[in-house]
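Reviewing the structure listed below.
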Amino acid sequence: MRHPPARPAAAEARDRTWRARGGRVLPVLVAMAAGALVALVSAYALWPRGSIDLDEIVYLNQADAIAHGDLAFDRATTVPDFRPYLSGVAGDRVVFKYQPLWPAVLAASALATGDHRPALVVAGAVAALAVWSLARELTGRRWAATAAAVGVALSPVFVTQSGTALAYLPAAALGSAALAAGLRAVRTGARWWYVLAGAGLGLLFFHRPYDALVTGLPLAAW
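In this note's numbering, the protein residues as written are 4 to 225.
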């Protein structure tokens with residue numbers, strides 16, 4: 004009876020390497036796919052014409068202004084009776100209520116695709132990745148982190164928020180990512196994780212200052 008020729012050790016080592024890489028990457032891809040899919044369904048099926056929350060109008064108006072190169076409007080060229088919803092007058096400028104970070108992302112999506120909703124799908128995937136990273140640090144297990152991220156993606160808050168232009172989900176994503184980076188920095192002592200944690204908190208402070216304080220103070224104490 005003839006036996007198949009033995010595989011070279013180098014080929015077996017490559018197979019083990021690919022399997023190990025797949026075991027590391029697959030849990031992350033599952034989590035991100037869940038977040039993206041839920042956001043996709045929410046944006047295009049649940050809220051195809053926008054939600055009932057009027058604050059969406061503010062973000063979309065601000066995104067439209069940024070897409071046209073304006074962070075604020077000139078007061079002299081704006082009819083007061085037709086100012087954008089929830090805008091105010093500061094000196095000679097008509098300004099929006101919210102910080103421009105998230106509207107800038109929506110504007111970039113609109114410029115690239117003609118629609119702001121692809122940004123919502125990407126944000127859903129990134130939010131799931133941020134939750135996965137935080138759960139991975141807290142549990143030390145990749146598939147447990149995937150279960151946590153998928154569970155969050157299927158939660159009513161994620162389902163309803165991910166398909167809107169509201170800024171709560173991006174804030175949660177930044178907060179989770181900053182916490183995950185901070186915990187990993189403390190665990191490993193790696194300088195770049197401290198840098199990433201600080202960058203995440205800085206972006207979150209620019210986006211929603213109160214959320215950054217709520218996230219950053221416990222992390223600083225830790």
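The C-beta atom is built at its ideal place from N, Cα and C for all residues, glycine as well. Here the structure is a predicted model, which means the values were calculated and not measured.
| Item | Value |
| --- | --- |
| Buried versus exposed, by CB contacts within 10 Å (16 or more), ALA110 | buried |
| Within the stretch 83-128, ranges of the beta strand (DSSP E) (whole runs, at least 3 residues) | 90-93 and 96-99 |
| The alpha helix (DSSP H) enclosing ASP67, as first and last residue numbers | 58-70 |
| Per DSSP, cross-strand counterpart(s) of PHE161 | For PHE161, which the question treats as bridged, DSSP gives no partner whatsoever. |
| Straight-line Cα distance separating LEU182 from GLY219 | 8 Å |
| ARG139 versus GLY154 - alpha carbon distance | 14 Å |
| Three-state secondary structure assigned by DSSP to LEU73 | Correcting the residue identity first, residue 73 is Asp in this sequence and not Leu. ASP73: coil per DSSP, three-state reduction. |
| C-beta contact flag for ASP214 and LEU207 at 8 Å | yes |
| Alpha-carbon to alpha-carbon, VAL129 and ALA193 | 23 Å |
| Cβ pair count under 8 Å reaching 3, the stretch 165-176 against the stretch 35-42 | yes |
| For GLY178, the first and last residue of its enclosing alpha helix (DSSP H) | 171-191 |
| Assigned secondary structure, PRO30 (DSSP; H/G/I helix, E/B strand, else coil) | helix |
| DSSP state of PRO51 mapped onto helix, strand, coil | coil |
| Buried versus exposed, by CB contacts within 10 Å (16 or more), GLY185 | buried |
| Burial state of SER158 (16 or more Cβ within 10 Å) | exposed |
| ARG211, DSSP secondary structure in three states | coil |
| Inter-stretch contact at 8 Å, needing at least 3 Cβ pairs: the stretch 85-99 / the stretch 117-132 | no |
| Where LEU81 sits in the DSSP three-state scheme | Going by the sequence as given, residue 81 is Thr instead of Leu. In the structure shown, THR81 sits in coil (DSSP, three-state: anything other than H, G, I, E or B). |
| Nearest neighbour of ALA48, chosen from GLY201, ARG144 and ARG120 [CA to CA] | ARG120 |
| Counted within 10 angstroms of its Cβ, other Cβ atoms place PHE1 as buried (16 or more) or exposed | Residue 1 lies beyond the range of the chain shown here (4 to 225); nothing can be said about it. |
| From LEU204, TYR62, PHE76 and ASP67, residue whose alpha carbon lies closest to that of ALA176 | LEU204 |
| THR142 in three-state terms, based on DSSP | helix |
| Alpha-carbon spacing of TYR62 relative to ALA42, whole angstroms | 17 Å |
| Assigned secondary structure, GLY201 (DSSP; H/G/I helix, E/B strand, else coil) | helix |
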